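Student: The sequence shown: position 84 = 165 (the working numbering), numbered continuously.
The C-beta atom is built at its ideal place from N, Cα and C for all residues, glycine as well.
A quick note: this is a predicted structure, and the numbers were derived from the prediction, not measured.
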Amino acid sequence: MSLYCSQGHANAPGSRFCNWCGETLAAPAGEQALLGDRYKIVRELGHGGFGRTYLAEDQNRFRESCVLKEFAPQVQSSYALQKAEELFQREAGVLYQLQHPQIPRFRELCRTQFNGKPSLFLVQDFVDGQTYRQLLDQRRLQGQTFSEAEVIQLMRDLLPVLHYIHELGVVHRDISPDNLILRTADQLPVLIDFGGVKQVAASVASQYTPSAPTPTRVGKVGYAPDEQMDHGQVYAHSDLYALAVTGLVLLTGKEPGDLGDLSAGNWRRLVNLSPSFSRTLTKMLADAPRDRFQTAAEVLQALQGLPGSSPSLTPALGTLPPGAAYIPPMPPQPAPPSSQPTYAVSPRSPAAPGTHTLPTAAVPAPAPVNPAPTKATLGGLGIGPILATVAIAAGVSAAVWGTRDVWLSLLPGSSSPPDVVETVSPSPEPEFSAEEQQRKSALTQRRQTLGIDSGFLVRITDTTFHQRYPELGGRSLSKGEEDAEWREKWDAIATEWLDTFEQELSSAARRKLGKYSASDRTAWRTAVNQLYVSSRALNDLTDAQFFHRFPDLRGQDFINAPIGQVWQGMAADQVAALQSGRTLSRIEFASGALGESVRGDLKPGEGRVYIANLEADQPARVDLETNAGAALFSIYPPSPSAQVPPILEDSEMTRWAGTLPQSGFYEFVVVPRGNDSLRYQLNLAVDRVITTPARPTPRQSDEPVQPGN
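Here it is, written out as structure tokens:
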């Protein structure tokens, strides 16, 4: 196991001083330690500003290799670590939702004791391979660099990955040869070390470590564009800029600072490239963001027809994980002529084997007609009824969408994630007063900051507006002075919805509002099934949050109404919370013990799932100790059916004793009932404890992901 000094220099085992800088070395602590009673450290992989990185074995996953990265190692108090964990889940929790074969999966944030102090570790999949920095260093020793064909192939292989994360509203921020690994197994580039994690870690350190410097912008000087390093502004084209710089570094063997003025094209004197590829790099490196390619799909289209890679770097497509939205590398093909702009379109399912499709120029589809939802009120939002009655006539619906046309012109930028692709907003209508123009401009800016699709905001606001003010008869609002007061009320409702979205949903969930569908719900069911969790439990957690906010909608059919998108956004966040372990715990019995107790505290709208691997015909006793009527309690067997129904489901009963009907993972779901916080203790006692866990398999007969009653 290599020894590292504080500067990150690697040294041979047994060294007493750093061979690079002479610093006295300490023996590596923690080797062979078992972190969190789960991760066995094998060796240290590196040491840098982010902290130490270790190769470990996951004892709960058949000793599968994984990577542990210290998260904010300067933070040491338990309180600060708790706040760091909360900040990470809030700001970088979207990374748990990334499911792409060329991105190491983020497994969890593990809080544990390490070397005698509390620590946080980010757990990720291990990638066997070499970074492109290492590959370039090896070639430099031989007087060689990467060829044009190899760099083009790298871009073709990596751009679909960037397209995927950008569609989810994620910008990497730190692309460079150090953060790309050529995977040994299939010779595909893998994207590692997302800059968002480093940004959160730096923020945490500055808040809770007095001596820590003020956090700087994430990104490497020379690789990141000026607007990112100077102002912290990041967009999809920021990653494309960094990818172009990475390509030039691989082509020339020189660092960015030695390439001259990139936007002026000084690098052309250092490398001889084909005119087409040279033009592509020039546009990716344009000084003005508006002059660059705006999406990865546009760059892929520009690369069509250019020479491919050498055989040694030709990739082979691997098997995609369930639910992965992946665009495979594209073979050269003629680009169809079109006068329309290119729009990045995310596929709903993986491409079929052998099918290579590129998002081509297309006009965005018009917004769907507003469905006729059932009647309910949004008392929790305090804005009155939001779902239209089934009896609304078609003429009223047309009037509603007449209003929609007015507001769409004031809420631009709905065709791409607003925080990712830079958009230029048109000025508000000139006939509005200066005060109204300022109000609408602020509304547009906040919507874009939150990443809300403008069409969706208009639909849900229109529905609420016309239900709150039925005296309008559903008529559209004019732009004249006579409707100025009504337009102010409409803007106030839109603002209230933005408040709700900001308070209730993560950034990733907000960006997909208006786009959730049945295929997403199917993917969520598959994802939680791999955690031994059923869709029933996922529905319980989502319902707890949703109906705490919107109690009047309980029992209503709203999944296809605009408000149904909010429920699905909450479901997406609940899936991420389960995957990260924030709302999921496993009950395991100590050696020789026949019972176990766990305690917890839940705020209104929260919930928690406990799972335990139990055996059929075992006598079992379950007791949820809490105040009478304060909780809803569910106990689900491994495979509920008409013959084996749930033992308890959303029940005020908190005790059960009997013989278990099936073998496998049982779920115990606890949610508060009402508006008070819940403190509880869950006691589980069984006979004949088993210690060999069942392998995770999807529940083929599981229920749909949908709201409950």
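With DSSP as the reference, label G755 as helix, strand or coil.
Tutor: Residue numbering aside, residue 755 sits at position 674 when the sequence shown is read from its first letter. Note: G755 maps to coil in three-state DSSP.
Student: Using the beta-carbon count (16 or more within 10 Å), is R736 buried or exposed?
Tutor: Mapped onto the sequence shown, residue 736 falls at position 655. Looking at its Cβ environment, which holds fewer than 16 other Cβ atoms inside 10 Å, R736 is exposed.
Student: Does the stretch 356-376 come close enough to the stretch 255-263 that 3 or more CB-CB pairs lie under 8 angstroms?
Tutor: With the cut-off at 8 angstroms, the stretch 255-263 and the stretch 356-376 do not touch.
Student: Take G645 and list the residues in its own chain whose beta-carbon comes closer than 6 angstroms to its own, dropping the five residues that flank it on each side.
Tutor: The residue labelled residue 645 in the question sits at position 564 within the sequence shown. Once the five neighbours on either side are set aside, the close Cβ partners of G645 are F639.
Student: By the three-class DSSP mapping on this structure, what secondary structure does H181 have?
Tutor: As a position in the sequence shown, residue 181 is number 100, starting the count at 1. Three-state result, H181: coil.
Student: Would you decide whether A110 is buried or exposed? Buried here means 16 or more other CB atoms lie within 10 Å of its CB.
Tutor: Numbered from its first residue, the sequence shown carries residue 110 at position 29. The predicted model places A110 with a pLDDT of 48, which falls under 50 and marks its position as unreliable; any figure quoted below should be read in that light. Its Cβ having fewer than 16 others within 10 Å, A110 is exposed.
Student: Can you confirm whether the stretch 208-228 touches the stretch 238-250 when touching is taken to mean that 3 or more C-beta pairs between the two stretches lie within less than 8 angstroms?
Tutor: The stretch 238-250, when compared against the stretch 208-228, does not touch it at the 8 angstroms Cβ threshold.
Student: Could you tell me which residues DSSP puts in a beta bridge with L746?
Tutor: Counting from one through the sequence shown, the residue named residue 746 turns up at place 665. Looking at the sequence itself, residue 746 is Phe, so the reference to Leu does not match. Note: F746 sits in a beta bridge opposite N694.
Student: Among E552, F582, F631 and R663, which residue has its Cα nearest to the Cα of T530?
Tutor: In the sequence shown, counting from the first residue as 1, residue 530 sits at position 449. Taking only the C-alpha atoms, the option nearest T530 is F582.
Student: Are there 16 or more other CB atoms within 10 angstroms of the CB of H181, so buried, or fewer, so exposed?
Tutor: Taking the sequence shown and counting its residues from 1, the one referred to as residue 181 is at position 100. When all chains shown are included, H181 counts as buried.
Student: Can you tell me where the beta strand (DSSP E) with G132 in it begins and where it stops?
Tutor: The count along the sequence shown starts at 1 and reaches residue 132 at position 51. Taken as a continuous stretch (DSSP letters only), the beta strand (DSSP E) holding G132 covers G132 to D139.
Student: Could you check the C-alpha separation between G338 and N347 for me, to the nearest Å?
Tutor: By one-based count along the sequence shown, residue 338 stands at place 257. By one-based count along the sequence shown, residue 347 stands at place 266. If I take the Cα positions, the gap works out to 11 angstroms.
Student: Pull the bridge partners of K150 from the DSSP assignment, please.
Tutor: For the purposes of this step, residue 150 is taken as the residue at position 69 of the sequence shown. According to DSSP, K150 bridges with T134 and L203.
Student: Given a cut-off of 8 angstroms on the beta-carbon distance, is the pair I541 and W567 in contact?
Tutor: In the sequence shown, counting from the first residue as 1, residue 541 sits at position 460. In the sequence shown, counting from the first residue as 1, residue 567 sits at position 486. Against a cut-off of 8 angstroms, the Cβ pair of W567 and I541 comes out as no contact.
Student: To the nearest whole angstrom, what separates the beta carbons of L149 and F202, a pair I think is in contact under 8 angstroms?
Tutor: To locate residue 149, count along the sequence shown from 1; it is residue 68. To locate residue 202, count along the sequence shown from 1; it is residue 121. Between F202 and L149 the Cβ distance is about 4 angstroms, and since that is below 8 angstroms, they are a contact.
Student: Determine the direct distance from the alpha carbon of P700 to that of P753, and round the result to whole angstroms.
Tutor: Against the sequence shown, residue 753 aligns to sequence position 672. Against the sequence shown, residue 700 aligns to sequence position 619. Taking the straight line joining both Cα atoms gives about 28 angstroms.
Student: Buried or exposed for D624, going by 16 or more other Cβ atoms inside 10 Å?
Tutor: Looking up residue 624 in the sequence shown gives position 543. Label assigned to D624: buried.
Student: Assuming A693 and I668 form a contact by the criterion Cβ under 8 angstroms, report the distance between their Cβ atoms to the nearest whole angstrom.
Tutor: Numbered from its first residue, the sequence shown carries residue 693 at position 612. Numbered from its first residue, the sequence shown carries residue 668 at position 587. Yes, A693 and I668 are in contact; Cβ-Cβ is about 4 angstroms, under 8 angstroms.
Student: When the Cα of D320 is compared with those of D307, P185 and A618, which residue comes out closest?
Tutor: Within the sequence shown, residue 320 is the residue found at index 239, counting from 1. D320 has its Cα closest to that of D307, out of D307, P185 and A618.
Student: With C-beta atoms as the reference, is Q655 less than 8 angstroms away from L713?
Tutor: As a working note, residue 655 is residue 574 in the sequence shown. As a working note, residue 713 is residue 632 in the sequence shown. No.
Student: Please report the residue range of the beta strand (DSSP E) in which D45 lies.
Tutor: This structure leaves residue 45 out entirely; the chain is present only between 82 and 790.
Student: For D580, count neighbouring C-beta atoms within 10 Å of its own C-beta (all shown protein chains included) and say buried if the count is 16 or more, exposed if not.
Tutor: In the sequence shown, residue 580 corresponds to position 499, counting from 1. It counts as exposed.
Student: Give me the residue from E145, R663, N641 and F207 with the minimum Cα distance to G265.
Tutor: Taking the sequence shown and counting its residues from 1, one reaches residue 265 at position 184. Per the sequence presented here, residue 265 reads as Thr, with Gly not at that position. It is F207 whose Cα lies nearest to the Cα of T265.
Student: Please report how far the alpha carbon of A674 lies from the alpha carbon of T607, in whole angstroms.
Tutor: Counting from 1 along the sequence shown, the entry for residue 674 is found at position 593. Counting from 1 along the sequence shown, the entry for residue 607 is found at position 526. Distance between the alpha carbons of A674 and T607 is about 33 angstroms.
Student: Within the continuous alpha helix (DSSP H) that includes I644, where are the two ends?
Tutor: Reading the sequence shown from its first residue, position 563 is the one you call residue 644. Its alpha helix (DSSP H) spans residues P643 to S661.
Student: With DSSP as the reference, label E669 as helix, strand or coil.
Tutor: Position 588 of the sequence shown, counted from the first residue, corresponds to residue 669. In the structure shown, E669 sits in coil (DSSP, three-state: anything other than H, G, I, E or B).
Student: Residues in the same chain with beta-carbon distance under 8 angstroms from Q743, minus the five sequence neighbours each way, listed in chain order, please.
Tutor: The residue given as residue 743 occupies position 662 in the sequence shown. Cβ within range, chain order: A697, P718, P719, S720 and V725.
Student: Would you mind sorting T436 into buried or exposed? The rule is 16 or more other CB atoms within 10 Å of its CB.
Tutor: As a first step, residue 436 must be located in the sequence shown, where it is residue number 355. Confidence in T436 is poor, its pLDDT being 29 and thus under 50, which makes the residue's placement unreliable; the coordinate value appears in the next sentence. With fewer than 16 other Cβ atoms within 10 Å, it is exposed.
Student: Beta carbon of R124, beta carbon of L136: below 8 angstroms?
Tutor: Reading the sequence shown from its first residue, position 43 is the one you call residue 124. Reading the sequence shown from its first residue, position 55 is the one you call residue 136. It is a contact, given that the beta carbons lie within the stated cut-off.
Student: Please classify N196: is it buried, with 16 or more other beta-carbons within 10 angstroms of its beta-carbon, or exposed?
Tutor: By one-based count along the sequence shown, residue 196 stands at place 115. N196 comes out exposed.
Student: Tell me where the alpha helix (DSSP H) around Y245 begins and ends.
Tutor: As a position in the sequence shown, residue 245 is number 164, starting the count at 1. Counting along the chain, the alpha helix (DSSP H) containing Y245 begins and ends at E229 to E248.
Student: For R237 and L384, I'd like the C-alpha separation in whole angstroms.
Tutor: Indexing the sequence shown from 1 puts residue 237 at position 156. Indexing the sequence shown from 1 puts residue 384 at position 303. Straight-line Cα distance between these residues: approximately 8 angstroms.
Student: My understanding is that R617 touches E784, with C-beta atoms under 8 angstroms, so please give their C-beta distance in whole angstroms.
Tutor: Locating residue 617 in the sequence shown gives position 536, counting from the first residue. Locating residue 784 in the sequence shown gives position 703, counting from the first residue. Yes, they are in contact, since the Cβ atoms of R617 and E784 sit about 6 angstroms apart, within 8 angstroms.
Student: Measure the Cβ-Cβ separation of T759 and A711 and say whether it is below 8 angstroms.
Tutor: If you number the sequence shown from 1, residue 759 lands on position 678. If you number the sequence shown from 1, residue 711 lands on position 630. Sequence inspection shows Leu at residue 759; the Thr mentioned does not correspond to that position. The answer is yes: Cβ separation under 8 angstroms.
Student: Helix, strand or coil, according to DSSP, for Y597 in the structure here?
Tutor: Taking the first residue of the sequence shown as position 1, residue 597 is located at position 516. DSSP places Y597 in coil when its eight states are reduced to three.
Student: Please state whether DSSP places Y717 in a helix, a strand or coil.
Tutor: Here residue 717 is taken as the residue at index 636 of the sequence shown, counted from 1. In this structure, Y717 counts as strand in the three-state DSSP scheme.
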